[in-house]
Amino acid sequence: MNSELKKIKVVISDLDGTLLNTEHKISEYTKTIFKKLHDENYLIIVATGRHHLDAHSIVSQLDCPVYLVTSNGARIHSPENELLFSLDLESELVKSVFDLEMDPEITTVLFKEEIWQTNHHNEKLNDFQKESKYLPEIVDFRSLEDFGGIKFFFTHDNHQTLVDLKDRILENHSDHFCHAFSLPFCLEFMHKSVDKSVAIAKILEKEAFTFEEAIAFGDGFNDEKMLLSTGKGLIMGNAPDNFKNKLSHLEVIATNEKDGVAKYLSEYVLNTAVSV
Numbered sequence: 307m308n309s310e311l312k313k314i315k316v317v318i319s320d321l322d323g324t325l326l327n328t329e330h331k332i333s334e335y336t337k338t339i340f341k342k343l344h345d346e347n348y349l350i351i352v353a354t355g356r357h358h359l360d361a362h363s364i365v366s367q368l369d370c371p372v373y374l375v376t377s378n379g380a381r382i383h384s385p386e387n388e389l390l391f392s393l394d395l396e397s398e399l400v401k402s403v404f405d406l407e408m409d410p411e412i413t414t415v416l417f418k419e420e421i422w423q424t425n426h427h428n429e430k431l432n433d434f435q436k437e438s439k440y441l442p443e444i445v446d447f448r449s450l451e452d453f454g455g456i457k458f459f460f461t462h463d464n465h466q467t468l469v470d471l472k473d474r475i476l477e478n479h480s481d482h483f484c485h486a487f488s489l490p491f492c493l494e495f496m497h498k499s500v501d502k503s504v505a506i507a508k509i510l511e512k513e514a515f516t517f518e519e520a521i522a523f524g525d526g527f528n529d530e531k532m533l534l535s536t537g538k539g540l541i542m543g544n545a546p547d548n549f550k551n552k553l554s555h556l557e558v559i560a561t562n563e564k565d566g567v568a569k570y571l572s573e574y575v576l577n578t579a580v581s582v
């Protein structure tokens, strides 16, 4: 084990495109590795853009204590599922964005506490939520009264369409929201002070660890600061090329479909060979 990995006491991972395979599930091999991490007293943090109700049902399958950072940092839950931190968006600010004229083919989503509201039935989004208790509600945003929520996002098959929308939104809202492309077809907006790395810092302080003692895995631009903050940041082989190029100094590992996170942890952190 090299010197930077000898310091590792904390394991941080994104979910979609990272810890989850292409069917949006945690493999049995990954579960085995994370159980061993827990047995060897590593602190485990999952940091995702997903809503906490959605993410909790997934990480519970790991069958070990996990801190959960959700909605890109707008919520932190303890391993006992206690809410430790929350930050919401102001209704009027969100409404001013939703009032913009948009391509009707863009799917718009607003994350509420108990449901997610959307203007379209979108099979690609529904595939991410197959076993979730966090359910969608089709709404007409033109008649909605309360736009308060945790985050909002837009999805469209054409990446440039979303880039153009991002630029229009930021013309008047750069002081109000931060944004990220979690996937090339998914543009997310959160409260200006929300970021996975900020939420993770709160957990590390609570548990008396530092970023230098953490290893992190991610595949999207909402993982960027998280990967750059930790002692060892690793990019999934399935990440978009423009993300890999931007962080070209970081190591690229195997894809999520090939259990890249678990295999790296097994070989370089746990120094053990666990058969698939």
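Count along the sequence shown starting at 1, add 306, and that's the number in the working numbering. Beta carbons are placed, not taken as given, at the ideal position from N, Cα and C, and that holds for glycine. Just so it is clear, the structure is predicted and the values come from calculations on it, not from any experiment.
For Gly566, there is no enclosing beta strand (DSSP E); the enclosing alpha helix (DSSP H) covers residues Gly566 to Tyr570.
Burial check for Lys512: the Cβ neighbour count within 10 Å stays below 16, so the residue is exposed.
The straight-line gap separating the alpha-carbon atoms of Lys418 and Val504 is approximately 21 angstroms. In this structure, Lys502 and Ala353 form a Cβ contact; the two beta carbons are roughly 4 angstroms apart against a cut-off of 8 angstroms.
Looking at the DSSP output, Gln466 shares a beta bridge with no other residue. As summarised for the segment 347-427, the continuous beta strand (DSSP E) elements at least 3 residues long and confined to that stretch are 349-353, 373-376, 381-383, 389-392, 413-417 and 421-424, given in chain order. The beta-carbon separation of Thr336 and Ala568, rounded to 4 angstroms, stays under the 8 angstroms limit for a contact. If the five residues before and after Asp529 are omitted, its C-beta is found closer than 6 angstroms to the C-beta atoms of Asp320, all from its own chain and listed in chain order. With a contact defined as Cβ atoms closer than 8 angstroms, Asn425 and Phe453 miss out at about 13 angstroms. DSSP, read as helix, strand or coil, puts Thr461 in strand. Ranking Lys538, Val558 and Gly537 by CA distance to the CA of Asp547 puts Val558 first. Look at the beta carbons and you see the segment 399-416 touching the segment 462-477: at least three pairs across the two are nearer than 8 angstroms. Shown here, Ser449 sits in coil according to DSSP, grouped into three states, outside any helix or strand. DSSP places Lys315 outside any beta strand (DSSP E), giving it a letter other than H or E. With respect to the 8 angstroms criterion, Cys370 and Ile351 are not classified as neighbours on the basis of their beta carbons. It is roughly 48 angstroms from the alpha-carbon of Ile444 to the alpha-carbon of Lys313.
According to the DSSP secondary-structure assignment, Pro490 is paired through a beta bridge with no residue. In the three-state reduction of the DSSP assignment, Leu540 falls in the strand class. His485 is bridged by DSSP to Phe495.
Excluding residues up to 5 positions away in sequence, Ser319 and Val567 lie with their Cβ nearer than 6 angstroms to the Cβ of Leu325 in the same chain.
In the three-state DSSP reduction, Phe523 falls in the strand class (E or B). For Leu343, there is no enclosing beta strand (DSSP E); the residue is found in the alpha helix (DSSP H) stretching over Glu334 to Asp345.
Less than 8 angstroms separates the beta-carbon of Gly524 from that of Ile541. The alpha-carbon separation between Ala380 and Leu493 amounts to approximately 16 angstroms.
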